[in-house]
Amino acid sequence: MNKIISLLIKQYKIIIIVIILLIIEAYFTLALPAYTANIVDICIKNADMPYIYDAGKSMIIATALALISLILTYFLAIRLTAKFAGDLRKNILSRALTFSNYELNEISKSSLITRTTHDVSNIQMFTRIFLTDILYAPILAVGGIINVIQLGIDLYWIVVLVLLLIIVLLVVILSKVLPKFGKLQKIRDSINRNAREMLTGTPIIKTFVRQDYERNKLKKTNTYFKDTEINTNKYYNLIPPTLTLVMSLMVVGIIFHGSFEVQNGTLLTGVLVAFIQYSTQITASIFPDFKCVGNAAKFYCFI
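For the sequence shown, the working numbering gives the first residue as 142, with consecutive numbering after it.
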């Protein structure tokens, strides 16, 4: 694990630039709801068309700057992770060449093949998602929370309740999914081992007429892998629709309770709209983290 982190630390300059770009992107993204609130409360109410045009231009500029930051972030993250994966494969190869006979017997060749191909690719993907999504999520969430506090609305308890529900959902999904990734890793190694044995022992298999036996053995392993992966993805694929439902219920709750304050004149409509947008951004920042749960679990199993 320390060696993997040390390879990333070598690229610390690019990582710092990526973090700065993420902060810039979050800043301009969080600026949009404030413009929306002003348009609703000031421009529409007073029919101030010049202010609407100015606010619209500002929103277009903010969106463009956020988009440029996003493109640069992905460009740098992809270049960094590609170099990181190459260095990781070199280290694995260098380490494997120093193994003694005893170590080679302890670690199967099929497992080494899996580590240098599939596992490194997953680590590369996880690193890219970490730099572009996981780091961005807390930045966006913190900025959204600050803006929600500045609005001074007492409906924040709805957002807190939704976040608690999401945490409970995360714990439940992890308890079902996490143990299965280690099992999938072992089955994948078994498939690679069986395929390697069939390829290297083809003459012997033909000589002793063992084709049906080897075919059934590989079919049994493949079926077990398929059933395990389907069972794992069955829980994992529940995450997006469940989160969408929770976010929709949150918006409904905010509109329901906020409508009474708007009716009483204690809350402006534009401020309520901005609060809904900030709350949605805070909750939506959890989406990338959930998408990375599986990759993080796989990453943990690999190392």
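Glycine included, each C-beta is placed from N, C-alpha and C at the ideal position.
{"Query": "Measure from the alpha carbon of T204 to the alpha carbon of each residue in Y176, L311 and L221, then state which is nearest.", "Result": "Y176"}
{"Query": "So, with DSSP's three-state summary, where would you put L409?", "Result": "coil"}
{"Query": "Taking one C-beta from the region 324 to 338 and one from the region 378 to 385 each time, how about it: are there three or more such pairs within less than 8 Å?", "Result": "no"}
{"Query": "Residue range of the alpha helix (DSSP H) that R231 falls in?", "Result": "The sequence given here places Lys at residue 231; Arg does not occur at that position. Unbroken alpha helix (DSSP H) run through K231: M190 to L238."}
{"Query": "Do the region 212 to 225 and the region 145 to 162 touch if we need at least three Cβ pairs shorter than 8 Å?", "Result": "yes"}
{"Query": "Starting from K375 and walking both ways along the alpha helix (DSSP H), at which residues does that stretch end?", "Result": "Q352 to Y377"}
{"Query": "Using the beta-carbon count (16 or more within 10 Å), is F440 buried or exposed?", "Result": "Confidence is the limiting factor: at F440 the pLDDT is only 48, short of 50, which leaves the residue's position unreliable, though a coordinate-based value still follows. So F440 counts as buried."}
{"Query": "Can you grab the Cα-Cα spacing for the pair I308 / T258, in whole Å?", "Result": "33 Å"}
{"Query": "For I396 and I299, which I take to be in contact (beta-carbon distance under 8 Å), what is that distance rounded to the nearest angstrom?", "Result": "Actually they do not touch by this definition, with Cβ atoms about 10 Å apart."}
{"Query": "Only counting the same chain, and skipping five residues up and downstream in sequence, which positions put a Cβ closer than 6 Å to that of L238?", "Result": "none"}
{"Query": "Using only CA atoms, which one of T222, D260, A223 and R220 lies nearest to I233?", "Result": "D260"}
{"Query": "Using only the alpha-carbon positions, how far apart do L310 and V387 sit?", "Result": "10 Å"}
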